[in-house]
Amino acid sequence: MFFSVVIPTYNRKPILEKCLKALENQQLAANTILEGYEVVLVDDGSTDGTVDWLRSPTTHFPHVHLFQQDHQGPAAARNLGVEKAVGDTIIFIDSDLVVTESFLQAHADALIEGEKKLRSDRLFTYGAVINTSNFDQPTSEPYKLTDFSAAYFATGNVAIARKWLDQSGLFDTRFQLYGWEDLELGVRLKQLGLKLVKCPEAPGYHWHPPFSLDQIPLMIDREIQRGRMGVLFYQKHPTWDVRLMIQMTWLHRVLWGLLSLGGRLNERTMAPFLQWLIDSGKPQLALEAARIFLNWYNVQGVYAAYADALKDEG
Numbered sequence: 027m028f029f030s031v032v033i034p035t036y037n038r039k040p041i042l043e044k045c046l047k048a049l050e051n052q053q054l055a056a057n058t059i060l061e062g063y064e065v066v067l068v069d070d071g072s073t074d075g076t077v078d079w080l081r082s083p084t085t086h087f088p089h090v091h092l093f094q095q096d097h098q099g100p101a102a103a104r105n106l107g108v109e110k111a112v113g114d115t116i117i118f119i120d121s122d123l124v125v126t127e128s129f130l131q132a133h134a135d136a137l138i139e140g141e142k143k144l145r146s147d148r149l150f151t152y153g154a155v156i157n158t159s160n161f162d163q164p165t166s167e168p169y170k171l172t173d174f175s176a177a178y179f180a181t182g183n184v185a186i187a188r189k190w191l192d193q194s195g196l197f198d199t200r201f202q203l204y205g206w207e208d209l210e211l212g213v214r215l216k217q218l219g220l221k222l223v224k225c226p227e228a229p230g231y232h233w234h235p236p237f238s239l240d241q242i243p244l245m246i247d248r249e250i251q252r253g254r255m256g257v258l259f260y261q262k263h264p265t266w267d268v269r270l271m272i273q274m275t276w277l278h279r280v281l282w283g284l285l286s287l288g289g290r291l292n293e294r295t296m297a298p299f300l301q302w303l304i305d306s307g308k309p310q311l312a313l314e315a316a317r318i319f320l321n322w323y324n325v326q327g328v329y330a331a332y333a334d335a336l337k338d339e340g
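All residue numbers for the sequence shown refer to this note's numbering, where the first residue is 27 and numbers rise by one.
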């Protein structure tokens, strides 16, 4: 077994450095089936000096192989990474994820144990993603209830045999905006009969800066983008399960409409309360409160994009 860790990156140089250093510090067991690993880093058109830094003589990451593309989104970047990878097993993580030194070994062990237990190699392993705003020591963050994910296939932290990716057709590069390209691939992997095997021994620590009000415009834009990509997801797989995932149901419309008071609780009206929470040392609670209107924007974006799609079809 040889791992290729595929990482798309776009303008994340500070945390990317921590991500790559953690991968260089992997400790593999002496009797492991894991023969080795590489890190396939795909720069998706960064403008923050990422490529120049990686090519600098003072930057030393022996396992890293760098590839570049124009800014096309993570789906195209991951596809390029898989194409360039030499491993028989692919691990997907994001470039703002920091792992522990036993990360790769834990995934390898879970893949082997999962195959024995299921008596089949139709599986992939998932390590939890723990959100943190601690830049200095991201791996010190404890697991929280808000870190729970029910996603079947999320590329923040998964290991999967390359052959299943090839059979599934890889990522759909029409997903160029934010969201859903990994879960859409997950639908196709599920159709191949693959089972999810959880691997709690391989957590990844997803860093993001502490929540502040100036992040809100970008977050709203991402929710609208996610709504548009959600409709593409539904057009490919028009099922009730997908409608639930993308929040395109009357239940979500009513729920977030009520919680946001029909959009009256928004980034402007809630700003004083959110800032008070931030000033009180509770930025994570402020973020959770902001999800009231962020989800409202997402639902509105879904239905607007769906209306446009119906017009195009007509």
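Heads up, the beta-carbon is just placed ideally off N, CA and C, and yes, glycines get one too.
Rounded distance between the beta-carbons of residue j and residue i, thought under 8 angstroms
i: Phe-93; j: Val-66; result: 7 angstroms
i: Tyr-323; j: Ile-250; result: 6 angstroms
i: Lys-44; j: Pro-164; result: 7 angstroms
i: Asp-114; j: Ala-187; result: 7 angstroms
i: Asp-120; j: His-234; result: About 11 angstroms separates the two Cβ atoms, so there is no contact after all.
i: Leu-137; j: Thr-151; result: 6 angstroms
i: Ser-39; j: Thr-85; result: As written in the sequence, residue 39 is Lys, which differs from the Ser given in the question. Their Cβ separation, rounded to whole angstroms, is 11 angstroms, which puts Lys-39 and Thr-85 out of contact at 8 angstroms.
i: Leu-144; j: Leu-220; result: Between Leu-220 and Leu-144 the Cβ distance is about 10 angstroms, and since that is not below 8 angstroms, they are no contact.
i: Gly-107; j: Val-68; result: 5 angstroms
Distance CB(residue i)-CB(residue j) smaller than 7 angstroms
i: Val-328; j: Gly-253; result: yes
i: Phe-319; j: Leu-291; result: yes
i: Met-255; j: Leu-203; result: yes
i: Val-213; j: Gln-273; result: no
i: Asn-183; j: Gly-140; result: no
i: Leu-196; j: Asn-105; result: yes
i: Tyr-36; j: Asp-70; result: yes
As assigned by DSSP and simplified to three states, the class of residue i
i: Gly-230; result: strand
i: Lys-143; result: helix
i: Tyr-260; result: helix
i: Asn-37; result: coil
i: Glu-61; result: coil
i: Phe-87; result: coil
i: Asp-122; result: coil
i: Asp-69; result: strand
i: Lys-308; result: coil
i: Thr-151; result: strand
i: Lys-170; result: coil
i: Phe-179; result: coil
i: Thr-158; result: strand
Candidates the options, of which the one nearest residue i by Cα
i: Gln-131; options: Phe-28, Asp-162 and His-232; result: Phe-28
i: Thr-73; options: Leu-144, Phe-161, His-97 and Ala-136; result: His-97
i: Leu-54; options: Asn-160, Leu-220, Ile-41 and Phe-129; result: Phe-129
i: Lys-19; options: Asp-334, Ser-238, His-278 and Arg-317; result: Because the chain is modelled from 27 through 340, residue 19 falls outside the range shown and cannot be assessed.
i: Cys-225; options: Asp-198, Ala-316 and Asp-135; result: Asp-135
i: Val-124; options: Arg-148, Phe-161, Leu-144 and Val-108; result: Phe-161
i: Tyr-332; options: Pro-264, Glu-314, Ile-117 and Ser-306; result: Pro-264
i: Leu-171; options: Leu-211, Phe-118, Arg-248 and Thr-158; result: Thr-158
Per-residue burial, residue i [other beta carbons within 10 Å of its own, 16 or more giving buried]
i: Glu-207; result: buried
i: Ile-33; result: buried
i: Phe-299; result: exposed
i: Ser-30; result: buried
i: Gln-217; result: exposed
i: Trp-266; result: exposed
i: Glu-64; result: buried
i: Ile-59; result: exposed
i: Ser-166; result: exposed
i: Ala-111; result: buried
i: Arg-81; result: exposed
i: Ala-101; result: buried
i: Leu-191; result: buried
i: Ser-194; result: buried
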